[in-house]
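Enquirer: The structure is given below, and queries will be raised subsequently.
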């Protein structure tokens with residue numbers, strides 16, 4: 004079902020804003036050296052740690068997505084910008100309950116169904132396929148099996 008969510012270009016805006024907060028380079032000073040004075044690896048790492056490490060995965064419509072939008076807007080405001088957000092429709096998938104159990108050992112595995120997956124009960128052999136990329140899938144025999152992929 005389509006929903007409307009806020010979208011902010013997080014990392015590019017944060018990086019652009021952090022680079023543009025200094026005065027233009029003086030005569031004889033190169034733009035590269037001016038950018039080097041403003042930009043630091045530590046500051047960039049701080050943004051990555053906040054977005055990826057603390058907030059984590061940010062699927063559209065999730066609480067972590069909203070948290071990342073607030074974080075980016077706060078950072079931009081701190082740097083003197085007036086961030087604008089634009090809404091647009093996006094289709095999402097609401098997993099209303101998935102379960103995965105290895106029947107031979109009665110082991111429960113945390114599962115999240117992917118969009119466009121059919122509803123119903125299935126019993127089949129399980130095969131792991133990495134992150135589900137073409138190379139991962141071509142390396143396994145998935146015919147007639149449930150395919151387990153890592154997400155995130």
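In this note's numbering, the protein residues as written are 4 to 155. Even for Gly, the Cβ is constructed at its ideal location relative to N, Cα and C.
Straight-line CA distance for residue 46 to residue 135?
Expert: If you take the alpha carbons of residue 46 and residue 135, they lie about 33 Å apart.
Enquirer: Could you give the distance in angstroms between the alpha-carbon of residue 141 and the alpha-carbon of residue 59?
Expert: Computed Cα separation, rounded: 29 Å.
Enquirer: For residue 79, does the count of other Cβ atoms within 10 angstroms reach 16, so buried, or fall short, so exposed?
Expert: Residue 79 should be labelled buried.
Enquirer: Work out the CA separation of residue 119 and residue 89 for me, nearest whole Å.
Expert: Distance between the alpha carbons of residue 89 and residue 119 is about 27 Å.
Enquirer: I'd like the list of long-range same chain contacts for residue 130, defined as Cβ closer than 8 Å, with 5 residues on each side in sequence excluded.
Expert: Closer than 8 Å at the Cβ level, and outside the excluded window around residue 130, lie 143, 144, 145, 148, 149, 150, 151.
Enquirer: Within the same chain, show all residues whose beta-carbon is closer than 6 Å to that of residue 138, passing over the 5 residues directly before and after it, in chain order.
Expert: Nothing meets the Cβ criterion.
Enquirer: Measure the alpha-carbon distance for residue 76 versus residue 66 and round it to whole angstroms.
Expert: One C-alpha to the other measures close to 15 Å.
Enquirer: Excluding the 5 residues flanking residue 115 on each side, which residues of the same chain have their C-beta closer than 8 Å to its C-beta?
Expert: Here the set comprises 98, 101, 154.
Enquirer: Should residue 117 be labelled buried (16 or more other beta-carbon atoms within 10 Å of its own) or exposed?
Expert: Looking at its Cβ environment, which holds fewer than 16 other Cβ atoms inside 10 Å, residue 117 is exposed.
Enquirer: Using a Cβ-Cβ cutoff of less than 8 Å, which residues in the same chain neighbour residue 104 once the five nearest sequence positions on both sides are dropped?
Expert: 110, 111, 112.
Enquirer: Does residue 72 pass the burial test, meaning 16 or more other C-beta atoms within 10 Å, or should it be called exposed?
Expert: Buried, by the Cβ-count rule.
Enquirer: Give, in chain order, every unbroken run of the alpha helix (DSSP H) that is at least 4 residues long and sits entirely within the region 60 to 102.
Expert: Segments of the alpha helix (DSSP H) lying fully in the region 60 to 102: 66 to 81.
Enquirer: Below 8 Å CB to CB, which residues in the same chain sit around residue 127 once its five sequence neighbours on both sides are set aside?
Expert: Contacts found: 147, 148, 149.
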